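Asker: Using our numbering, the letters of the sequence shown correspond one by one to residues 73 to 255.
One structure follows; several queries about it will come next.
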Amino acid sequence: MANADAEVEAQKRAAAERALDLVRPGTVIGLGTGTTARYFIEGLIKRVLAGLEVRAVVTSLETRRRAEAGGIRFVLIADESKLVGRLGRGPVPIEVLPFLWEATSQAIQSLGGRPQLRTAAGKPFMTDNDNLILDTTFGGVDPALGLALHAIPGVLEHGLFFGMARAAIIGCASGLRILGELG
73 MANADAEVEA
83 QKRAAAERAL
93 DLVRPGTVIG
103 LGTGTTARYF
113 IEGLIKRVLA
123 GLEVRAVVTS
133 LETRRRAEAG
143 GIRFVLIADE
153 SKLVGRLGRG
163 PVPIEVLPFL
173 WEATSQAIQS
183 LGGRPQLRTA
193 AGKPFMTDND
203 NLILDTTFGG
213 VDPALGLALH
223 AIPGVLEHGL
233 FFGMARAAII
243 GCASGLRILG
253 ELG
């Protein structure tokens with residue numbers, strides 16, 4: 073198990089390092105959350121300390137909309153465990169407000185989802201924004217589901233990225249896998 077965990081971490085780090093190659097002086101970067109994003113941020117900090125000038129914003133629905141409207145490309149970075157043949161094959165992470173999580177969970181169930189509260193060390197996992205994650209399986213997913221999830225009070229963000237990413241950098245045991253165009 074430890075070797076498998078180390079391999080996944082190496083994949084995440086490789087994807088993050090490749091994504092750093094896309095950063096140019098003056099780039100505006102949306103910074104996400106999760107371990108792959110953490111590796112990207114660690115590398116970005118080193119480059120900034122060495123003199124690279126960039127602007128960074130934390131991710132949010134509004135930031136995403138503005139970036140899309142402005143033609144800013146979205147490159148997804150992940151390890152191979154996140155790669156599926158089609159969206160919805162695995163659980164969809166849904167970030168929710170802690171004080172609404174039970175009502176939010178019920179609303180997600182009304183959309184056909186089967187949410188499970190993510191835990192770590194026997195207690196609810198808290199994001200770096202002190203929110204909860206509901207790992208939710210659906211029979212199928214489509215863009216309408218993504219919109220419906222965003223309309224639920226208490227849902228902050230979800231892992232459905234329909235038509236958003238122009239490219240993906242996936243860290244794999246065999247090396248990096250590039251999906252789409254990075255250029």
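Note that beta-carbon positions come from the ideal geometry of N, C-alpha and C, so glycine has one too.
Since this is a predicted model, take the numbers as computed values, not measurements.
Does the region 246 to 255 come close enough to the region 200 to 215 to have 3 or more Cβ pairs within less than 8 angstroms?
Answerer: Cβ pair count under 8 angstroms is below three, so no.
Asker: Is P225 helix, strand or coil when you go by DSSP?
Answerer: Of the three classes helix, strand and coil, the one that applies to P225 here is coil, per DSSP.
Asker: For V126, name the three-state secondary structure that DSSP assigns.
Answerer: Coil, per DSSP.
Asker: Give the range of the alpha helix (DSSP H) segment to which D77 is assigned.
Answerer: Looking at the DSSP string, the run of the alpha helix (DSSP H) that includes D77 is 74 to 92.
Asker: Look at the alpha carbon of T209 and the alpha carbon of A220, and state the distance between them as a whole number of angstroms.
Answerer: Straight-line Cα distance between these residues: approximately 15 angstroms.
Asker: Report the rounded CA-to-CA distance for L183 versus G231, giving the unit in angstroms.
Answerer: The straight-line gap from Cα to Cα measures roughly 16 angstroms.
Asker: Is E253 closer than 8 angstroms to A237 when the C-beta atoms are compared?
Answerer: Their beta carbons are not under 8 angstroms apart, which means A237 does not touch E253 by this criterion.
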